[in-house]
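Report on one structure; see the data block that follows.
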Amino acid sequence: MVATKLGAMSSTKILPESEVTPNLSHGDGDHERFSHYADANKITESYVTGVPVRALCGKVWTPSRDPKKYPVCPECKEIYDGLPPGEPDA
Numbered sequence: 001m002v003a004t005k006l007g008a009m010s011s012t013k014i015l016p017e018s019e020v021t022p023n024l025s026h027g028d029g030d031h032e033r034f035s036h037y038a039d040a041n042k043i044t045e046s047y048v049t050g051v052p053v054r055a056l057c058g059k060v061w062t063p064s065r066d067p068k069k070y071p072v073c074p075e076c077k078e079i080y081d082g083l084p085p086g087e088p089d090a
């Protein structure tokens, strides 16, 4: 599962809450054609509770499909690659 990448990080950076405004510039639905990075625990919780999660790129959705079937969102990947590395597992 693509989302497990974030779950393996030991250090966490909490981002301030912000107003979520849908990005409608993807008129052809491109945002729906990608797998997004989000906290693995939140994704698991969402599968159980149905509560939407927020991806690194800001997309809010309720996970329901196999992320391996879609390419990774370029915005999520860019943000993830820019995060500081986590502590190695001991």
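Mapping of the sequence shown onto the UniProt record's numbering: residues 1 to 90, in sequence order. For every residue, glycine included, the Cβ atom is placed at its ideal position computed from N, Cα and C.
(message) Would S46 and P63 qualify as a contact pair, given that the criterion is a beta-carbon distance under 8 Å?
(response) Numbered from 1 along the sequence shown, position 46 holds the residue referred to as residue 46. Numbered from 1 along the sequence shown, position 63 holds the residue referred to as residue 63. Between S46 and P63, the gap from beta carbon to beta carbon is short of 8 Å.
(message) According to DSSP, is S64 part of a helix, a strand, or is it coil?
(response) Here residue 64 corresponds to residue number 64 of the sequence shown, with the count starting at 1. The answer is coil: DSSP assigns S64 none of H, G, I, E or B.
(request) Pull up the distance between the alpha-carbon of V51 and that of V60, whole angstroms please. (result) Translated into the one-based positions of the sequence shown, residue 51 becomes position 51. Translated into the one-based positions of the sequence shown, residue 60 becomes position 60. Whole-angstrom Cα-Cα distance: 10 Å.
(message) At the level of alpha carbons, what is the spacing between Y80 and L56?
(response) Residue numbering aside, residue 80 sits at position 80 when the sequence shown is read from its first letter. Residue numbering aside, residue 56 sits at position 56 when the sequence shown is read from its first letter. Rounded to the nearest angstrom, the two C-alpha atoms are 7 Å apart.
(request) Put V51 into one of helix, strand or coil per three-state DSSP. (result) Here residue 51 is taken as the residue at index 51 of the sequence shown, counted from 1. Note: V51 maps to coil in three-state DSSP.
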